[in-house]
Amino acid sequence: MLAILSPFNSPYLNLAAEEYFLKILNHDIFWTYRNEPSVIVGKHQNALGEVDIHFLYAHNIVLARRISGGGTVYHDLGNVNFSFIKNATGDNLIDFEGFTKPIINFLHTLGIQAHLGGHNSIMVGNSKISGNAEHIYRKRVLHHGTLLFSTNLEVLAKCLYTSRERYSDRAIRSVRANVINLSDLIQEPMNPSDFELKLFRHVADQLKATPQTISDTDRLEIEKLANQKYSSKQWILGYSPQYKKTVEIIQNGNTIRFSIFVVNGEIEKIETDDETQLLERLQTALPGTLHEPDAINAKLMHTGLNNNTIESILRALF
Numbered sequence: 430m431l432a433i434l435s436p437f438n439s440p441y442l443n444l445a446a447e448e449y450f451l452k453i454l455n456h457d458i459f460w461t462y463r464n465e466p467s468v469i470v471g472k473h474q475n476a477l478g479e480v481d482i483h484f485l486y487a488h489n490i491v492l493a494r495r496i497s498g499g500g501t502v503y504h505d506l507g508n509v510n511f512s513f514i515k516n517a518t519g520d521n522l523i524d525f526e527g528f529t530k531p532i533i534n535f536l537h538t539l540g541i542q543a544h545l546g547g548h549n550s551i552m553v554g555n556s557k558i559s560g561n562a563e564h565i566y567r568k569r570v571l572h573h574g575t576l577l578f579s580t581n582l583e584v585l586a587k588c589l590y591t592s593r594e595r596y597s598d599r600a601i602r603s604v605r606a607n608v609i610n611l612s613d614l615i616q617e618p619m620n621p622s623d624f625e626l627k628l629f630r631h632v633a634d635q636l637k638a639t640p641q642t643i644s645d646t647d648r649l650e651i652e653k654l655a656n657q658k659y660s661s662k663q664w665i666l667g668y669s670p671q672y673k674k675t676v677e678i679i680q681n682g683n684t685i686r687f688s689i690f691v692v693n694g695e696i697e698k699i700e701t702d703d704e705t706q707l708l709e710r711l712q713t714a715l716p717g718t719l720h721e722p723d724a725i726n727a728k729l730m731h732t733g734l735n736n737n738t739i740e741s742i743l744r745a746l747f
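My numbering puts the first residue of the sequence shown at 430, with every later residue one more than the last.
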């Protein structure tokens with residue numbers, strides 16, 4: 430087994446590295462990384478149904494999608510992430526208990542009485558400190574998880590605030606949980622980088638893994654995958670299951686109601702029982718547009734609508 434400490438803080442690069450390790454390399458790998466502020470949605474989720482996209486854009490928080498299932502998580506540099514990529518045999522490749530055991534054992538060395546709880550989360554008491562997910566590729570398995578060390582929990586809560594009841598879809602929905610930071614539970618003072626390094630060394634030692642760095646060739650391939658796939662809006666938004674969103678806009682004291690139908694991330698059509706000039710403009714301008722604030726704003730700027738109306742439409746659509 431190889432143990433690799435990520436040189437990246439970009440979620441696109443770290444997610445690309447996981448897929449590259451899983452699908453291209455043959456080694457068993459233990460991997461840790463930290464990301465800049467970002468929200469990572471599961472493979473089968475409606476991204477816009479999980480996050481407050483306006484808050485993300487206003488605070489330069491990255492939105493990304495991973496290849497594993499499960500729920501949405503918030504990352505920042507106070508969150509330490511770990512991955513195991515392993516060759517596996519037999520029919521039962523899913524093993525949350527086995528993969529989280531080295532992590533829980535490490536936490537025990539810090540005096541933290543962690544345990545594996547419901548929804549494949551690592552818990553301390555009734556509070557969640559780690560979410561976990563897995564992905565199978567042929568006879569290899571990717572298991573990855575988070576560790577809330579000193580994450581900004583206020584920002585986490587604001588990122589993941591949504592009005593999900595306004596979306597009609599078959600997407601996997603996240604399960605909200607009470608969370609706590611590990612830094613509030615340990616006596617020994619350390620920063621997130623120290624914690625990551627301790628975790629890395631402990632698990633590598635326990636698994637007899639050989640420390641390794643990413644080669645220049647691997648780095649180029651990871652960067653290529655990050656640019657072509659993980660940073661693309663076609664992957665982040667277009668991979669969402671098709672959905673309908675019901676929208677209400679107040680104009681001149683009247684409530685205008687309509688529904689948008691989104692397929693592969695793009696608005697396919699707008700349906701309504703109301704008849705207004707505004708709706709006619711929207712039905713003409715928006716089909717074929719990515720359901721994303723910047724793309725829609727660009728289209729609406731050419732409809733003759735004033736800025737206040739455009740702003741109210743953007744607020745209603747997300």
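Cβ atoms here follow ideal geometry from the backbone N, Cα and C, with glycine treated the same way.
Values in this document were obtained by computation on a predicted structure and should not be read as measured data.
So who's on the other strand from residue i, going by DSSP bridges?
| i | result |
| --- | --- |
| N464 | Paired residues: none, contrary to the question. |
| E721 | Paired residues: none, contrary to the question. |
| Q474 | None; Q474 has no bridge partner. |
| F747 | F747 is not bridged to any residue. |
| G574 | F511, N561 |
| E740 | According to DSSP, E740 bridges with nothing at all. |
| Y566 | R569 |
| H504 | S467 |
| V608 | K557 |
| F814 | Residue numbering for the chain in the displayed model covers 430 to 747; residue 814 lies beyond these limits and cannot be assessed. |
| E700 | S688 |
| L492 | V468 |
| E617 | Bridge partners of E617: none, in fact. |
Closer than 7 Å by C-beta to residue i: which residues in its own chain qualify, once you throw out the five before and the five after it? Chain order, please.
| i | result |
| --- | --- |
| R463 | N438, L506, N508, V509, N510, P621, E625 |
| E401 | The structure shown has nothing for residue 401, since the chain only spans 430 to 747. |
| G540 | I615, Q616 |
| N570 | Contrary to the premise, residue 570 reads as Val rather than Asn in this sequence. The answer, listed in chain order, is K515, A517, L522, E563. |
| Q641 | L431, A432, I433 |
| L444 | A493, R495, Y659 |
| A638 | M430, L431, A432, F459 |
What does the alpha-carbon distance come out to for the pair residue i and residue j?
| i | j | result |
| --- | --- | --- |
| G500 | N581 | 19 Å |
| Y486 | H720 | 14 Å |
| Q671 | L477 | 12 Å |
| A493 | E709 | 33 Å |
| Q706 | E479 | 32 Å |
| E650 | K662 | 20 Å |
| S612 | F578 | 5 Å |
| D772 | T461 | A question about residue 772 goes unanswered here, because the residues of the chain that appear run from 430 up to 747. |
| K658 | F450 | 15 Å |
| I533 | S688 | 46 Å |
| I679 | L734 | 14 Å |
| R567 | P436 | 27 Å |
| N681 | E583 | 36 Å |
| T713 | L729 | 10 Å |
| N489 | H483 | 10 Å |
| V692 | L711 | 17 Å |
| F528 | I739 | 49 Å |
| L454 | G498 | 22 Å |
| H504 | C588 | 10 Å |
| A446 | E652 | 8 Å |
| F747 | N737 | 16 Å |
| M619 | N610 | 13 Å |
| T701 | V608 | 41 Å |
| T675 | T732 | 22 Å |
| H473 | A586 | 21 Å |
| G717 | D481 | 23 Å |
| V553 | L715 | 47 Å |
| D647 | S556 | 38 Å |
| S741 | D723 | 14 Å |
Excluding the 5 residues preceding and the 5 following residue i in the sequence, name in chain order all residues of the same chain whose CB lies nearer than 6 Å to its CB.
| i | result |
| --- | --- |
| S660 | Y441 |
| T575 | V502, N508, N510, S559, G560 |
| F535 | L628, H631 |
| P531 | V632, Q635 |
| H456 | L431 |
| F690 | K673, E697, K698 |
| E677 | T684, R686 |
| S512 | E447, W460, H573 |
| I643 | none |
| Q542 | none |
Give every residue of the same chain whose Cβ lies closer than 8 Å to the Cβ of residue i, excluding the five residues on either side of it in the sequence, and list them in chain order.
| i | result |
| --- | --- |
| G694 | K662, Q663, L666, G667, Y668, S669, L719, H720, E721 |
| F525 | L545, N549, N561, E563, H572 |
| T538 | H631 |
| K452 | Y566, R569 |
| D623 | none |
Could you check if residue i belongs to the surroundings of the ligand HEM, using beta carbon to heavy atom distance under 7 Å?
| i | result |
| --- | --- |
| H488 | No copy of the ligand HEM occurs in the structure displayed, which carries no ligand at all. |
Beta strand (DSSP E) runs contained entirely in the stretch 506-563, provided each spans 3 or more residues:
Within the stretch 506-563, the complete beta strand (DSSP E) segments at least 3 residues long are 508-516, 543-545, 551-553, 556-559, listed from N- to C-terminus.
Touch check for the stretch 466-475 and the stretch 537-549: three-plus C-beta pairs under 8 Å?
no
My parser needs the beta strand (DSSP E) runs of 3 or more residues fully inside the stretch 640-692; what are they?
For the stretch 640-692, whole beta strand (DSSP E) runs of length 3 or above, ordered along the chain, are 672-680, 683-692.
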